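Numbering (the UniProt record's numbering), first residue to last: 1 to 87.
Report on the following structure.
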């Protein structure tokens, strides 16, 4: 699980402040695949990157990187790709 947290934090550290706000907006508002719920606004309202990682891991557990990749794709970013094209 620690590797997932570090990978997710690395992804979020590649985002600028505005991109992070958009990412958090998607966590609150985007339609996610069945079985995944949006994170409440109050959890992300003043969250920094570390708090966002913690909220995401708490909500999505071992699927956290899948959710992050989906949101980054919705944002039309390629930051969810590792050099080999896999997470």
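A virtual CB, placed ideally from N, CA and C, is assigned to each residue, including glycine.
This one's a predicted model, so the numbers in the text were calculated from it and none came from an experiment.
> Would the stretch 8–18 and the stretch 27–46 be scored as touching if the rule is three or more Cβ pairs under 8 Å?
Replying inline: The stretch 8–18 is not in contact with the stretch 27–46.
> Whole-angstrom Cβ separation of residue 56 and residue 64, contact assumed at under 8 Å?
Replying inline: Along the chain shown, read from residue 1 onward, the residue named residue 56 stands at position 56. Along the chain shown, read from residue 1 onward, the residue named residue 64 stands at position 64. At roughly 5 Å, the Cβ-Cβ gap stays under 8 Å, so residue 56 and residue 64 are in contact.
> With respect to the alpha helix (DSSP H) encompassing residue 21, which residues constitute its N-terminal and C-terminal limits?
Replying inline: The residue you call residue 21 lines up with position 21 of the chain shown. Per DSSP, residue 21 belongs to the alpha helix (DSSP H) from 17–29.
>> Please list the terminal residues of the continuous alpha helix (DSSP H) segment that includes residue 45.
In response: Reading the chain shown from its first residue, position 45 is the one you call residue 45. Counting along the chain, no alpha helix (DSSP H) covers residue 45, and no H or E run does either.
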